[in-house]
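Peer 1: Encoded as structure tokens, here's the structure I'll be asking about.
Numbering (my numbering), first residue to last: 696 to 813.
As structure tokens, this is what we get:
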């Protein structure tokens with residue numbers, strides 16, 4: 696039995712870069728404790744706690760189309776539906792049953808019962 700540490704995803708809408716290119720596919724890795732702890736020291740998080748999610752997602756998204764590096768600025772520019780999708784995806788792979796991803800059409804919203812984490 697092996698542990699999957701990276702999971703591919705497809706964004707519902709996709710990220711549009713400064714050149715107008717659309718990026719929909721990517722990879723997210725499992726988070727480690729440091730990924731959630733480090734943002735707490737960031738001044739942007741001290742000013743707005745919700746910004747921690749932006750920083751965490753930028754750390755755990757290892758690929759997004761052909762973008763060289765996913766930064767908080769990239770995450771800030773995501774469409775709201777894609778941002779929500781990535782938050783849900785993060786919860787599923789880190790706290791839920793990631794095997795559910797095999798049964799869902801890529802880029803479609805997750806059923807509410809899948810998002811309920813015990």
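Where a beta carbon is used, it is the ideal one built from N, C-alpha and C, also for glycine.
(1) Tell me which same chain residues have a C-beta within less than 6 Å of the C-beta of residue 781, skipping the five on either side of it?
(2) Specify, as a first and last residue, the run of the beta strand (DSSP E) that residue 756 falls within.
(3) Would the segment 755 to 767 and the segment 706 to 724 be scored as touching if the rule is three or more Cβ pairs under 8 Å?
(4) Just to confirm before moving on: does the CB-CB distance between residue 796 and residue 760 stay below 9 Å?
(5) Please state whether DSSP places residue 752 in a helix, a strand or coil.
(6) So if DSSP puts residue 724 in a beta bridge, which residue, or which two residues, is it bridged to?
(7) So, residue 704 versus residue 791, is the Cβ gap smaller than 9 Å?
(8) Going by beta-carbon coordinates alone, are residue 710 and residue 762 separated by less than 9 Å?
(9) In the DSSP assignment, find the unbroken alpha helix (DSSP H) run with residue 776 in it and report its ends.
Peer 2: Once the coordinates are examined:
(1) Hits under 6 Å: 752.
(2) From DSSP, the beta strand (DSSP E) with residue 756 extends over 756 to 759.
(3) Enough Cβ pairs lie closer than 8 Å, so yes.
(4) Note that the C-beta distance between residue 796 and residue 760 is not below 9 Å.
(5) It is helical.
(6) In the DSSP output, where bridge partners are listed per residue, residue 724 has 701.
(7) Not a contact, by the Cβ cut-off of 9 Å.
(8) A contact, by the Cβ cut-off of 9 Å.
(9) Start and end: 775 to 790.
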